[in-house]
Amino acid sequence: MCIRDSFMIIASGTSSRHIQALSEQVLDLFKKNNNAISSVEIVSLFNQKMNKTTVYRILERLENSRIIHSFSGKDGIKRYVKGDQGGKVKDQQATHPHFLCEDCGFSSCLPLLITNPSISSFKINSSEHLYIGQCKECQ
102 MCIRDSFMII
112 ASGTSSRHIQ
122 ALSEQVLDLF
132 KKNNNAISSV
142 EIVSLFNQKM
152 NKTTVYRILE
162 RLENSRIIHS
172 FSGKDGIKRY
182 VKGDQGGKVK
192 DQQATHPHFL
202 CEDCGFSSCL
212 PLLITNPSIS
222 SFKINSSEHL
232 YIGQCKECQ
């Protein structure tokens with residue numbers, strides 16, 4: 102499902118054209134950017150157009166619709182990137198890891214799938230994998 106087609110999922114249930122327009126602006130940010138964007142950056146980018154509560158509600162709707170996904174950096178700040186987090190490998194739920202440059206803050210999804218292990222006495226619903234190091238530009 103493409104981001105533009107998914108707009109109606111985000112906008113459904115809202116009666117305000119203004120909220121729909123704001124949601125579309127946030128969607129456009131992800132269409133133009135392939136790298137992860139921190140919640141702090143997103144709030145800052147839209148602080149003249151909407152309050153941070155509205156930004157977080159839009160991000161939550163986008164994430165619940167699987168248009169974007171999030172992960173937490175080592176600083177605890179949530180970062181968002183377009184696309185779904187999950188996948189399947191041999192009928193097992195899988196996730197992909199993320200990379201965070203500790204020098205410049207660049208963050209991105211990595212093109213790998215990691216399956217959640219089966220551990221007796223535990224039911225694993227999700228996991229996050231963050232690799233920290235230097236990006237190509239900072240090496």
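Going by my numbering, the first residue of the sequence shown is number 102, and it counts up by one from there.
Glycine is no exception: its CB is placed at the ideal position from the N, C-alpha and C atoms.
Per DSSP, reduced to three states, the secondary structure at R158 is helical.
Taking the C-beta atoms as reference points, I233 is found no nearer than 8 Å to L213. C-alpha of S124 to C-alpha of I159: approximately 6 Å in a straight line. Within the DSSP bridge table, the entry for I169 names K183 as partners. Each of D185, N148 and I178 was checked against the Cα of F131, and the nearest Cα belongs to D185. Scanning its chain for C-beta atoms nearer than 8 Å, with the 5 sequence neighbours on each side dropped, one finds around Q126 the residues F147 and K150, in chain order.
A straight-line Cα-Cα distance of about 31 Å links S140 and F223. T154 is classed as exposed because its beta carbon has fewer than 16 other beta carbons within 10 Å across all chains shown. DSSP places L146 in the uninterrupted alpha helix (DSSP H) bounded by S140 to L146.
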